[in-house]
Every structure is written in structure tokens, then in C-alpha cells.
Amino acid sequence: MATSDIQRVLATDAALAFLGQLQHRHGALLFFQSGGCCDGSSPLCYAQGDFQISDTDVYLGQIGEVPFYMGQEQFAYWQHTQLIIDVVDGMGGMFSLDNGTGKRFLTRSHLFTDEENARLEQQGLPARPAS
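This is the structure we're talking about:
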């Protein structure tokens with residue numbers, strides 16, 4: 001990704017620090033943005049290999065060193081929105097590694113401007129990491 005590229009997913013410093021703790025405990029991780037009614041604002045964090053990414057899942061980029069994916073149907077709704085991953089007090093998703101820690105990841109958002117959307121269209125999606 002070029003330094004001038006617009007990132008589709010970002011993380012707050014607090015989320016990156018918490019993510020580092022989870023990486024230390026669990027090793028390589030990945031995120032998947034759930035589209036469920038109850039989990040829509042909670043990205044799910046898994047150990048790599050514990051969640052199967054499909055060919056139709058969309059790779060949005062990385063936060064820290066962790067790849068971030070979203071289902072194709074969900075991306076159709078969120079493609080004009082930058083995801084900002086934060087961490088707050090609470091219980092994580094049932095299958096997410098943040099569950100039981102007293103903290104959970106939370107997706108906040110920024111609606112891209114017309115100019116940003118035009119730039120995103122030109123730059124396309126980031127290249128998916130090798131499996």
C-alpha cells in the first residue's frame with residue numbers, strides 16, 4: 001500500500017496495545033467483521049487457523065500485523081465506510097479471543113467523503129496476503 005493510500009481499516013492506540021497482548025498470548029491472529037444483528041459493531045478476533053476465510057471474503061487491510069476481513073455481502077453495505085477498531089470495557093463476542101478479558105473490540109466508523117470514495121475507487125482493494 002502506498003503511503004498516500006486511504007486505509008479502509010484503522011485501529012486506535014488502545015486497540016493496538018490490547019491486540020499486542022492477545023498476540024503475545026495466542027500468536028498470529030486475524031479479524032473478521034461480523035454482520036450479525038448483535039455482533040455488527042464487534043469485530044471477531046481469532047487465532048489464525050481457527051477461522052476459515054473464504055474466497056468471497058474481502059480483505060480490507062491490516063491493523064498492526066493482523067489481517068482484517070469482512071464478508072462480501074457485508075462489504076457491499078460498508079464499502080463507503082472506514083472502520084476504526086477501538087477497545088472498550090465489556091464482554092467480547094462468544095468466539096472472539098477478547099471474550100473473558102473484561103475488554104472487547106468495537107468498530108467505530110467514518111463515512112468516506114466523495115473525494116475519498118473517488119480515491120478508493122482508483123486504488124482498489126489492498127492485495128490479499130498469501131495464505
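UniProt numbering numbers the first residue of the sequence shown as 1 and each following residue consecutively.
Backbone N, C-alpha and C fix where the C-beta goes; we use that ideal spot for every residue, glycine too.
Going by DSSP, what residue range makes up the beta strand (DSSP E) through residue i?
{"i": "residue 13", "result": "It is not in any beta strand (DSSP E) - residue 13 instead sits in the alpha helix (DSSP H) that spans 13-26."}
{"i": "residue 57", "result": "That residue, residue 57, is in no beta strand (DSSP E); it is neither H nor E in DSSP."}
{"i": "residue 43", "result": "43-47"}
Determine, using beta carbons only, whether residue i and residue j come nearer to each other than 8 Å.
{"i": "residue 106", "j": "residue 86", "result": "yes"}
{"i": "residue 51", "j": "residue 60", "result": "no"}
{"i": "residue 66", "j": "residue 125", "result": "no"}
{"i": "residue 5", "j": "residue 123", "result": "yes"}
{"i": "residue 28", "j": "residue 48", "result": "yes"}
{"i": "residue 11", "j": "residue 63", "result": "yes"}
{"i": "residue 42", "j": "residue 104", "result": "yes"}
{"i": "residue 72", "j": "residue 56", "result": "yes"}
{"i": "residue 102", "j": "residue 89", "result": "yes"}
When the cut-off is 8 Å and only beta carbons count, does residue i lie next to chain C?
{"i": "residue 116", "result": "In the displayed structure, chain C is absent; only one protein chain is listed."}
For residue i, is the classification buried or exposed, using 16 other Cβ atoms within 10 angstroms of its Cβ as the cut-off for buried?
{"i": "residue 70", "result": "buried"}
{"i": "residue 58", "result": "buried"}
{"i": "residue 96", "result": "buried"}
{"i": "residue 21", "result": "exposed"}
{"i": "residue 127", "result": "exposed"}
{"i": "residue 15", "result": "buried"}
Grab me the residues of residue i's own chain with a C-beta within less than 8 Å of its C-beta, minus the 5 sequence neighbours each way, in chain order.
{"i": "residue 100", "result": "91, 92"}
{"i": "residue 26", "result": "47, 97"}
Tell me which residue opens and which closes the alpha helix (DSSP H) that residue i is part of.
{"i": "residue 72", "result": "72-78"}
Keeping to the same chain, check which residues put their C-beta closer than 7 Å to that of residue i; ignore five residues upstream and five downstream.
{"i": "residue 75", "result": "58"}
{"i": "residue 117", "result": "80"}
Could you check whether the Cβ of residue i sits closer than 7 Å to any heavy atom belonging to the ligand GDP?
{"i": "residue 31", "result": "Ligands displayed in this structure: none; no statement on the ligand GDP is therefore possible."}
Suppose the cutoff is 6 Å on Cβ atoms and the five residues either side in sequence are ignored; what does the same chain contact list for residue i look like?
{"i": "residue 34", "result": "44"}
{"i": "residue 119", "result": "6"}
{"i": "residue 53", "result": "69"}
{"i": "residue 84", "result": "10, 108"}
What runs of the alpha helix (DSSP H), each 4 residues or longer, lie entirely inside the stretch 72-116? Listed in chain order, the alpha helix (DSSP H) runs fully inside the stretch 72-116 are 72-78, counting runs of at least 4 residues.
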